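Peer 1: Below is a structure I'd like to ask you about.
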Amino acid sequence: MTAPTHSARAHSFNAAAAQYAANRPSYPPALLDAIEDLAGRPLHGARVADIGAGTGIATALLRARGAEVIAVEPGSGMAAEFRRAHPDVPLVRGDGNHLPLASASVDLLTYAQSWHWTDPARSVPEALRVLRPGGALALWWNMGAADVPWIAEAGARQAAHFGIDIEAYKKRDTHPEVADPEGRLDLTPRTLRWSRRIPVDTHLANLGSHSMFLTDTEERRTAFLTAEREHLLKAFPDGIVEETYDVDLLVARTDT
């Protein structure tokens with residue numbers, strides 16, 4: 003099977019936006035605490051642009067902390083789902099490589115699960131252009147906790163299916179030298195662990211909303227998820243899965 007292109011994977015979410023919104027995990031309150039700590043300012047009252055906002059999972063959390071948020075999303079399907087769920091939040095179409103925002107206009111730029119879809123050679127200068135002096139850039143990813151045995155076993159099954167260690171491949175995106183190859187940002191890393199308990203079918207729908215599955219053939223995707231359900235019900239006979247995540251956070255502050 004030919005591997006899907008980066009562009010195909012990036013655009014695959016638009017056809018599955020409702021599935022994404024209903025089943026993807028959110029983020030723990032400790033993440034927002036860490037962003038405030040590393041950014042050196044409270045979210046309350048901050049002007050924030052949430053880039054690659056998707057269906058608004060992170061946007062909603064930022065607003066709940068009192069931030070004044072504008073969302074930026076390139077995909078038509080994701081933007082439509084965002085507008086359905088958050089009709090009162092300003093949303094503009096665009097991406098991290100070409101931010102549709104004025105220079106020195108925001109206090110914080112956030113990229114929840116989305117920085118790896120950008121080209122740092124373009125997205126880093128754009129971030130620095132849009133941030134105000136003393137502003138901050140926050141990038142983060144929910145990563146499956148590979149030291150949890152059942153998650154490691156599930157990851158091995160996915161690796162065999164796709165011929166690639168997906169979690170290891172994604173993990174490289176969270177390294178400061180990958181996020182900012184030219185070293186223009188002084189990125190500070192922090193990792194936070196959290197978990198959620200959900201039905202097996204919600205876990206499988208979450209799994210199926212990831213780009214590697216969305217760009218797989220329907221036959222291969224269905225066969226894998228059917229077999230995976232059997233594996234999981236053996237491990238979790240009550241039908242409830244505890245997903246454990248490490249949120250990999252990178253924050254850089256601009257000069258005051």
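Under the working numbering, read the sequence shown as residues 3 to 258, first letter to last. By construction, the Cβ of each residue, glycine as well, lies at the ideal position given by its N, Cα and C atoms. Since the structure is predicted, the reported quantities are computational estimates derived from the model, not experimental observations.
(1) Should the segment 117-126 be regarded as contacting the segment 55-64, the criterion being three or more beta carbon pairs within less than 8 Å?
(2) Applying the criterion that 16 or more other CB atoms from any shown protein chain within 10 Å of the CB defines a buried residue, is Thr228 buried or exposed?
(3) CA-CA distance, Leu251 and Leu64?
(4) When the Cα of Trp119 is compared with those of Trp143, Ala161, Gly42, which residue comes out closest?
(5) Are the segment 70-78 and the segment 8-28 touching, with three or more C-beta to C-beta distances below 8 Å?
(6) Quick one: grab the DSSP three-state call for Tyr22.
(7) Check Pro191 in the structure and name its three-state DSSP category.
(8) Can you tell me whether Arg198 is helix, strand or coil according to DSSP?
(9) What residue range is occupied by the uninterrupted beta strand (DSSP E) comprising Asp39?
(10) Helix, strand or coil, according to DSSP, for Val74 in the structure here?
(11) Can you tell me where the alpha helix (DSSP H) with Ala237 in it begins and where it stops?
(12) DSSP has Ile242 in a bridge; who is on the other side?
(13) Leaving out five residues on either side along the sequence, give the residues of the same chain with a beta carbon under 6 Å from the beta carbon of Ala32.
(14) Leu235: buried (16+ other C-beta within 10 angstroms of its C-beta) or exposed?
(15) Consult DSSP for Pro103 and reduce its assignment to one of helix, strand or coil.
(16) Report the three-state DSSP secondary structure of Ala66 (helix, strand or coil).
(17) Does DSSP put Pro135 in a helix, a strand or coil?
(18) For the alpha helix (DSSP H) that Leu11 lies in, which residues bound it at each end?
(19) Checking the sheet assignment: what are the DSSP bridge partners for Asn144?
(20) Do you know how far the Cα of Ala55 is from the Cα of Ala82?
Peer 2: Walking through what the data contain:
(1) No, because fewer than three Cβ pairs between the segment 117-126 and the segment 55-64 fall closer than 8 Å, the two stretches do not touch.
(2) The sequence position of residue 228 within the sequence shown is 226, counting from 1. It counts as exposed.
(3) For the purposes of this step, residue 251 is taken as residue 249 along the sequence shown, with counting starting at 1. For the purposes of this step, residue 64 is taken as residue 62 along the sequence shown, with counting starting at 1. Rounded to whole angstroms, Leu251 to Leu64 spans 15 Å at the Cα level.
(4) Residue numbering aside, residue 119 sits at position 117 when the sequence shown is read from its first letter. For Trp119, the nearest C-alpha among the options comes from Trp143.
(5) A contact is defined here as three or more CB-CB pairs under 8 Å, and the segment 70-78 meets this definition with respect to the segment 8-28.
(6) To locate residue 22, count along the sequence shown from 1; it is residue 20. Tyr22: helix per DSSP, three-state reduction.
(7) Residue numbering aside, residue 191 sits at position 189 when the sequence shown is read from its first letter. Assigned with DSSP and collapsed to three states, Pro191 falls in strand.
(8) Translated into positions along the sequence shown, residue 198 becomes position 196. Look at Arg198 here: in three-state DSSP terms it is strand.
(9) Position 37 of the sequence shown, counted from the first residue, corresponds to residue 39. For Asp39, there is no enclosing beta strand (DSSP E); the enclosing alpha helix (DSSP H) has its first and last residue at 31-41.
(10) Locating residue 74 in the sequence shown gives position 72, where the first residue counts as 1. If DSSP states are grouped into helix, strand and coil, Val74 belongs with the strands.
(11) The residue labelled residue 237 in the question sits at position 235 within the sequence shown. Note, Ala237: alpha helix (DSSP H), 220-237.
(12) One-based indexing of the sequence shown puts residue 242 at position 240. Per DSSP, Pro201.
(13) Locating residue 32 in the sequence shown gives position 30, counting from the first residue. Correct list, in chain order: Leu194.
(14) Taking the first residue of the sequence shown as 1, we reach residue 235 at position 233. Leu235 is exposed by the Cβ-count criterion.
(15) If you number the sequence shown from 1, residue 103 lands on position 101. At residue 103 the sequence reads Leu, which differs from the Pro that was named. Coil.
(16) The count along the sequence shown starts at 1 and reaches residue 66 at position 64. The answer is helix: DSSP assigns Ala66 an H, G or I state.
(17) Locating residue 135 in the sequence shown gives position 133, where the first residue counts as 1. Pro135 falls in the strand class under three-state DSSP.
(18) Residue 11 sits at position 9 when you count from the first residue of the sequence shown. Contrary to the premise, residue 11 reads as Arg rather than Leu in this sequence. Annotation: the continuous alpha helix (DSSP H) that includes Arg11 extends over 8-13.
(19) The sequence position of residue 144 within the sequence shown is 142, counting from 1. DSSP, once it has assigned bridges, lists Val249 as partnering Asn144.
(20) Position 80 of the sequence shown, counting from 1, holds the residue named residue 82. Position 53 of the sequence shown, counting from 1, holds the residue named residue 55. Near 12 Å, if we compare the C-alpha coordinates of Ala55 and Ala82.
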